[in-house]
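Numbering (the numbering used here), first residue to last: 3 to 330.
Worksheet: one structure, shown below.
Listed below in structure tokens is the structure:
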């Protein structure tokens with residue numbers, strides 16, 4: 003616990019995070035972890051497929067434009083026929099997001115387990131459940147990679163908006179609606195479409211989902227301190243991996259570190275950025291600037307715009323200046 007406090011305290015001269023012994027490459031799976039990790043690994047095994055679906059998503063811009071500019075049965079049918087397969091892909095991705103939402107609480111519970119005396123030693127739980135920590139990091143890294151690709155796919159929201167408008171306009175002509183005799187089955191109904199629309203509306207939908215899931219778990223189970231400490235320890239492990247030039251890929255570590263800091267900011271009562279924060283945020287910012295390379299801007303933008311407290315009045319100007327490239 004002393005090592006954790008060394009990370010959280012905000013000294014005048016930033017100290018490096020504690021050297022917690024956690025293997026983020028190939029940790030051994032303990033017997034206690036096996037049952038949970040079978041379920042988590044089943045979710046992780048789908049990640050590459052979901053990323054491939056997203057990367058190959060090309061959208062329906064041309065046929066939608068034709069249907070809007072030259073409305074008629076031929077152009078509108080062509081647009082519908084093109085949009086439906088895309089909507090099915092978006093539903094596949096969304097359903098995968100729900101799987102991540104389901105497994106995350108079980109992972110967090112591992113690190114919030116209390117000792118016989120009722121105390122929670124988060125660092126001990128982390129060190130004895132390293133394979134679970136690695137699985138958590140893998141889910142977070144996937145979420146980051148997905149969101150990064152999604153930002154280059156504006157067609158997603160355009161296609162889905164057109165689908166919903168068409169669905170509302172022609173409901174009576176589509177099989178499944180009362181007295182319907184239309185072009186094909188409904189791939190996504192109204193209720194699911196509403197949830198999917200909210201999911202895809204965010205620039206970083208997966209980071210938003212995991213942040214909301216962690217926040218909900220904290221609020222429902224009153225484990226704010228334990229989860230905040232866990233997230234800060236994982237951020238510290240990633241920070242050290244980058245700065246000690248370990249064999250952990252730097253971009254992987256930076257993605258996980260940044261995401262954990264964002265989640266920490268949402269659940270900690272003070273947050274990440276304010277003057278009286280327990281976290282030494284400037285140290286993490288400098289690590290991103292030093293080791294992020296071409297990804298530095300994306301990482302810093304996520305830390306800035308996905309966080310909760312960056313715009314608070316009590317955030318030091320020196321901290322904000324770091325995002326503009328000026329050192330404190």
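Quick reminder that beta carbons are idealized off the backbone N, C-alpha and C, glycines included.
Under the three-state reduction of DSSP, residue 23 is assigned to coil, being neither helix nor strand. DSSP places residue 116 within a strand segment (E or B) once states are collapsed to three.
Leaving aside the five residues that flank residue 108 on each side, the residues in its chain whose CB is nearer than 7 angstroms to its CB run, in chain order, 38.
Under DSSP, residue 122 takes part in a beta bridge, and its partners are 116. Taking C-alpha positions only, residue 196 is separated from residue 311 by approximately 29 angstroms. Between residue 304 and residue 264, the C-beta spacing is below 8 angstroms. Residue nearest to residue 129 within the set 167, 115 and 140 is 115 (criterion: CA-CA distance).
One thing to note: residue 32 has its Cβ within 8 angstroms of the Cβ of residue 131. Taking the CA atoms as reference points, residue 291 sits about 16 angstroms from residue 261. Contact check for residue 204 against residue 81 fails: the beta carbons are separated by 8 angstroms or more. In the structure shown, residue 91 adopts helical secondary structure according to DSSP, grouped into three states. As the crow flies, the alpha-carbon of residue 166 is around 11 angstroms from that of residue 198. Note that the stretch 143-152 touches the stretch 47-66; at least 3 beta-carbon pairs, one per stretch, sit closer than 8 angstroms. Pairing residue 194 with residue 308 gives a Cβ-Cβ distance that is not under 8 angstroms. The C-beta separation of residue 219 from residue 46 comes to about 19 angstroms, leaving the pair out of contact by the 8 angstroms criterion. Across the structure, residue 276 and residue 316 are spaced so that their CA atoms are roughly 5 angstroms apart. Under the three-state reduction of DSSP, residue 79 is assigned to helix. Between residue 21 and the set 236, 325, 67 and 79, the nearest pair of CA atoms involves 236.
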